[in-house]
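Asker: My structure is below; once you've seen it, I'll send some questions.
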Amino acid sequence: MFRPTDCHRLGITLTVSAVILAACLGTNRSVTAEDKPTNDDTRPVRSKTDHFDLICFAPEHPVVVRFRVRIGDSGIRSFRHRYAMQLFRTLDRKRDNFLTREEVTQVERLGEIASRFRTLPRTWKDFDTTPTDDRLSPFEFAHVVEGALGAAFAVNVPSQAATLSAKLFMRLDANSDGKLVSGEIHNGTRRLGRLDIDDDETVSIDELDPLRYEATRAESQPFVALLTANHRVLCDRLIAVYGQVHTPDASATLTGKQLGLTSRRIRSVDHDDNGRLDRAELLRYLQHPTPHETIDASLPDPRTRRTRLTVVGGPTSRGLARLSRPWGGWTVQLKAKNTRSDRLLSTKFFRLKFRVADENKNKYIEPNEFPQLAVAG
Numbered sequence: 083m084f085r086p087t088d089c090h091r092l093g094i095t096l097t098v099s100a101v102i103l104a105a106c107l108g109t110n111r112s113v114t115a116e117d118k119p120t121n122d123d124t125r126p127v128r129s130k131t132d133h134f135d136l137i138c139f140a141p142e143h144p145v146v147v148r149f150r151v152r153i154g155d156s157g158i159r160s161f162r163h164r165y166a167m168q169l170f171r172t173l174d175r176k177r178d179n180f181l182t183r184e185e186v187t188q189v190e191r192l193g194e195i196a197s198r199f200r201t202l203p204r205t206w207k208d209f210d211t212t213p214t215d216d217r218l219s220p221f222e223f224a225h226v227v228e229g230a231l232g233a234a235f236a237v238n239v240p241s242q243a244a245t246l247s248a249k250l251f252m253r254l255d256a257n258s259d260g261k262l263v264s265g266e267i268h269n270g271t272r273r274l275g276r277l278d279i280d281d282d283e284t285v286s287i288d289e290l291d292p293l294r295y296e297a298t299r300a301e302s303q304p305f306v307a308l309l310t311a312n313h314r315v316l317c318d319r320l321i322a323v324y325g326q327v328h329t330p331d332a333s334a335t336l337t338g339k340q341l342g343l344t345s346r347r348i349r350s351v352d353h354d355d356n357g358r359l360d361r362a363e364l365l366r367y368l369q370h371p372t373p374h375e376t377i378d379a380s381l382p383d384p385r386t387r388r389t390r391l392t393v394v395g396g397p398t399s400r401g402l403a404r405l406s407r408p409w410g411g412w413t414v415q416l417k418a419k420n421t422r423s424d425r426l427l428s429t430k431f432f433r434l435k436f437r438v439a440d441e442n443k444n445k446y447i448e449p450n451e452f453p454q455l456a457v458a459g
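For my numbering, count along the sequence shown from 1 and bump the result up by 82.
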C-alpha cells in the first residue's frame, strides 16, 4: 500500500512512504511451504512474481510505475492463496475438505478480517456457487478470504485527521502498551484540557476537528493504483490535466509526448495512426500500460523484517529500503515499511471514542449519543 505523506512544492519533492501489504494476516501462525491445497477445485496460483501498476500525476507528464512484488519466494497472490488454504484446514474440523456454515463461523480471532467471517451466513449464497451444495470448497472459500483481505495492491493517503487521532491516542496511553485503562482515560482529561483553546472548560467539536474523517476519491490523488481505479474517471482526468482541444468541435486527445511515451511505445494502442490517443485508445492503454519505470519490491518472509526496493535497469542491483526517483518533474522518495501498527492504533482509538459516546453502555450509538463521536462523514 503506497502512502503519499508529504509534498513540498518548493522542489518539488513528494515523499511517499511505500508499504506493499500482501495480506492482513490475522493469525500468529506462519504459512509453511507445505501448505498446499488437497482438492483439485482449489486452483492454486503458480505465479512467483506479481506486478501492479501505479500512475503518478507528475507536473511534466503522467508516470506509470510497475511494481513487481514478491514475498519470500512467492508472489502476493500465491502467498495469500497459501494463507487461505492454511486457514481452510484450520476450520475444517471434519477433515472432509469442505466447510459447513458451522465450521466457517468458528472463527474467534482473525484480526481485521474477523467481521467478514462472522457475517458469512448472511452472504453464503454469494460464495456457495460451484456447485451450490450448502458447503464451501477450498476454491469457494479462497474467494471469501480474498474479499476479506481486500485488494492485493492499493494506494491509501492517510488523512491528517487519522494521523492526529493516532497521536492523541499515544498521548493518552501513558505506559505505551497500546491499550487504554480507566486510569489513563481519567487522567487523560487533563491532557485533553490543552485542546480547550477558548478556556471555557469544555472541548467543542471544532476544537476536536483534527479527529474528523476526511474522504477523498482515489482517482483524484497524485498516486493512483490502476488495479482498483475507475479507468474512465482516470481518462477524463488525464485529458483534463495533460490534454488540449485544438478546435471547439474536436475531441480531446493526448500525444505520446504528453504521456511521456515514445512514438514506438504509443503505436501499439494508436489504432488510427494519428500519433494521438483519444478516450477509447487511452482506455486500452490504461488496461495494459507501458511502464516508464519498473521497481522490484522484495518483501520479506513474515518471520523476517527487511524489505528491498530495486529499480530494474538502474545503476545498482542491490536492493534498498529507501529509493529516491525522478518522476516527471517530481523527486519521489519511496520508503518500505509496515503500517499495520498504525492501523491498529487508529482502530483502538475510535473504539475508545465509541465506548465513551455510548453513555448507557448498550453497545449501540443512539441518535442523542452520535454527536459525541465528533466524527464527520
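Ideal placement from N, C-alpha and C gives every residue a C-beta, glycine not left out. None of these values were measured; they are calculated from a predicted model.
Any idea what DSSP makes of E222, helix, strand or coil?
Answerer: Indexing the sequence shown from 1 puts residue 222 at position 140. Note: E222 maps to helix in three-state DSSP.
Asker: DSSP on V186, reduced to helix/strand/coil?
Answerer: Within the sequence shown, numbered from 1, the residue matching residue 186 stands at position 104. Of the three classes helix, strand and coil, the one that applies to V186 here is helix, per DSSP.
Asker: Can you tell me whether A104 is buried or exposed, with buried defined as 16 or more other CB within 10 angstroms of its CB?
Answerer: Position 22 of the sequence shown, counted from the first residue, corresponds to residue 104. Confidence at A104 is low in this model, with a pLDDT of 31, below 50, so its placement is unreliable and the value that follows should be read with caution. Counting Cβ neighbours within 10 Å, A104 comes out buried, since at least 16 surround it.
Asker: Using alpha carbons as the reference points, say which of F223, L365, E451, G338 lies closest to R164.
Answerer: For the purposes of this step, residue 164 is taken as the residue at position 82 of the sequence shown. The candidate whose alpha carbon is nearest that of R164 is F223.
Asker: Tell me whether the region 405-415 and the region 144-153 touch, counting them as touching only if at least three CB pairs, one residue from each stretch, are closer than 8 Å.
Answerer: Contact holds: three or more Cβ-Cβ distances are below 8 Å.
Asker: State the CB to CB distance for the pair R148 and P373, rounded to an integer number of angstroms; the pair is presumed to be in contact (CB under 8 Å).
Answerer: Taking the first residue of the sequence shown as position 1, residue 148 is located at position 66. Taking the first residue of the sequence shown as position 1, residue 373 is located at position 291. Confirmed, about 4 Å.
Asker: In three-state DSSP terms, what is H133?
Answerer: If you number the sequence shown from 1, residue 133 lands on position 51. If DSSP states are grouped into helix, strand and coil, H133 belongs with the strands.
Asker: In chain order, what residues of the same chain have a beta carbon less than 6 Å from the beta carbon of T468, not counting five sequence neighbours either side?
Answerer: Past the boundaries of the shown model lies residue 468; the chain is included only from 83 to 459, so the question cannot be answered.
Asker: Please report how far the alpha carbon of T205 lies from the alpha carbon of F221, in whole angstroms.
Answerer: Taking the sequence shown and counting its residues from 1, the one referred to as residue 205 is at position 123. Taking the sequence shown and counting its residues from 1, the one referred to as residue 221 is at position 139. Rounded to the nearest angstrom, the two C-alpha atoms are 16 Å apart.
Asker: Going by C-alpha distance, which of K417, R366, S380 is nearest R152?
Answerer: Here residue 152 refers to the residue found at position 70 of the sequence shown. Minimum Cα distance to R152 is reached at S380.
Asker: Rounded to a whole number of angstroms, what is the C-alpha to C-alpha distance between D352 and G395?
Answerer: For this step, residue 352 is matched to residue 270 along the sequence shown. For this step, residue 395 is matched to residue 313 along the sequence shown. Taking the straight line from one Cα to the other gives about 27 Å.
Asker: Alpha carbon to alpha carbon, what distance is there between V237 and A311?
Answerer: Taking the sequence shown and counting its residues from 1, the one referred to as residue 311 is at position 229. Taking the sequence shown and counting its residues from 1, the one referred to as residue 237 is at position 155. Distance between the alpha carbons of A311 and V237 is about 10 Å.
Asker: Just the C-alpha distance for R404 and T376, rounded to the nearest angstrom, thanks.
Answerer: Indexing the sequence shown from 1 puts residue 404 at position 322. Indexing the sequence shown from 1 puts residue 376 at position 294. C-alpha separation (whole angstroms): 15 Å.
Asker: For V227, count neighbouring Cβ atoms within 10 angstroms of its own Cβ and tell me buried if that reaches 16, exposed if not.
Answerer: Locating residue 227 in the sequence shown gives position 145, where the first residue counts as 1. So V227 ends up on the buried side.
Asker: Please classify E448 as buried or exposed, where buried requires at least 16 other C-beta atoms within 10 Å of its C-beta.
Answerer: Taking the sequence shown and counting its residues from 1, one reaches residue 448 at position 366. So E448 counts as exposed.
Asker: For L402, which three-state DSSP category applies?
Answerer: Translated into positions along the sequence shown, residue 402 becomes position 320. It is a strand residue.
Asker: Where does the unbroken alpha helix (DSSP H) through I321 begin, and where does it stop?
Answerer: Taking the first residue of the sequence shown as position 1, residue 321 is located at position 239. I321 -> alpha helix (DSSP H) spans 313-324.
Asker: Using a Cβ-Cβ cutoff of less than 8 Å, which residues in the same chain neighbour G357 once the five nearest sequence positions on both sides are dropped?
Answerer: Here the question's residue 357 lines up with position 275 in the sequence shown. T337, G338, S345, I348, listed in sequence order.
Asker: Hey, would you say L309 sits closer than 8 Å to F235, going by beta carbons?
Answerer: For the purposes of this step, residue 309 is taken as residue 227 along the sequence shown, with counting starting at 1. For the purposes of this step, residue 235 is taken as residue 153 along the sequence shown, with counting starting at 1. In contact: L309 and F235 (Cβ atoms closer than 8 Å).
Asker: Is P126 helix, strand or coil by DSSP?
Answerer: Indexing the sequence shown from 1 puts residue 126 at position 44. Its pLDDT being 44, under 50, P126 is placed unreliably in this model, and the coordinates cannot settle the point.
Asker: Please tell me whether G154 and P371 are closer than 8 Å, where the distance is taken between their beta carbons.
Answerer: Here residue 154 refers to the residue found at position 72 when the sequence shown is read from its first residue. Here residue 371 refers to the residue found at position 289 when the sequence shown is read from its first residue. Cβ atoms of G154 and P371: not closer than 8 Å.
Asker: Just to confirm my understanding: we take L365, look at its own chain, exclude 5 residues before and 5 after, and list those with CB closer than 8 Å. What are they?
Answerer: Position 283 of the sequence shown, counting from 1, holds the residue named residue 365. Cβ within range, chain order: H313, R314, C317.
Asker: Does N444 come out as helix, strand or coil in the three-state DSSP assignment?
Answerer: Taking the sequence shown and counting its residues from 1, one reaches residue 444 at position 362. N444 falls in the coil class under three-state DSSP.
Asker: Within this structure, are the beta carbons of V306 and I137 separated by less than 8 Å?
Answerer: For the purposes of this step, residue 306 is taken as residue 224 along the sequence shown, with counting starting at 1. For the purposes of this step, residue 137 is taken as residue 55 along the sequence shown, with counting starting at 1. Closer than 8 Å, so yes.
Asker: Residues in its own chain within less than 8 Å of T440 by CB, not counting five upstream and five downstream?
Answerer: Within the sequence shown, the letter at position 358 stands for residue 440. Checking the displayed sequence, the identity of residue 440 turns out to be Asp instead of Thr. Excluding positions up to five away in sequence, the list reads Y446, I447, E451.
Asker: Would you report the Cα separation of E266 and D215, rounded to the nearest angstrom?
Answerer: Position 184 of the sequence shown, counted from the first residue, corresponds to residue 266. Position 133 of the sequence shown, counted from the first residue, corresponds to residue 215. Rounded to the nearest angstrom, the two C-alpha atoms are 52 Å apart.
Asker: Looking only at DSSP bridge pairs, what is D360 linked to?
Answerer: Walking along the sequence shown from the start, residue 360 turns up at place 278. Per DSSP, none; premise fails for D360.
Asker: Output the boundary residues of the beta strand (DSSP E) element that contains A166.
Answerer: Within the sequence shown, numbered from 1, the residue matching residue 166 stands at position 84. No beta strand (DSSP E) holds A166; the alpha helix (DSSP H) holding it covers 158-173.
Asker: Based on the DSSP secondary-structure assignment, which residues constitute the bridge partners of P373?
Answerer: One-based indexing of the sequence shown puts residue 373 at position 291. Per DSSP, none; premise fails for P373.
Asker: What does the Cβ neighbour count give for Q369, buried or exposed, with the cut at 16 atoms within 10 Å?
Answerer: Position 287 of the sequence shown holds residue 369. Counting Cβ neighbours within 10 Å, Q369 comes out exposed, since fewer than 16 surround it.
Asker: Taking 8 Å as the cut-off, decide whether the C-beta atoms of L218 and L169 are in contact.
Answerer: As a working note, residue 218 is residue 136 in the sequence shown. As a working note, residue 169 is residue 87 in the sequence shown. Contact: no.
Asker: Consult DSSP for R148 and reduce its assignment to one of helix, strand or coil.
Answerer: Against the sequence shown, residue 148 aligns to sequence position 66. DSSP places R148 in strand when its eight states are reduced to three.
Asker: Taking the DSSP output, what are the residues bridged to A379?
Answerer: In the sequence shown, residue 379 corresponds to position 297, counting from 1. According to DSSP, which records beta bridges pairwise, A379 is partnered with V151, L391.
Asker: Along the beta strand (DSSP E) that carries F305, what are the first and last residues, could you check?
Answerer: Walking along the sequence shown from the start, residue 305 turns up at place 223. Looking at the DSSP string, the run of the beta strand (DSSP E) that includes F305 is 305-307.
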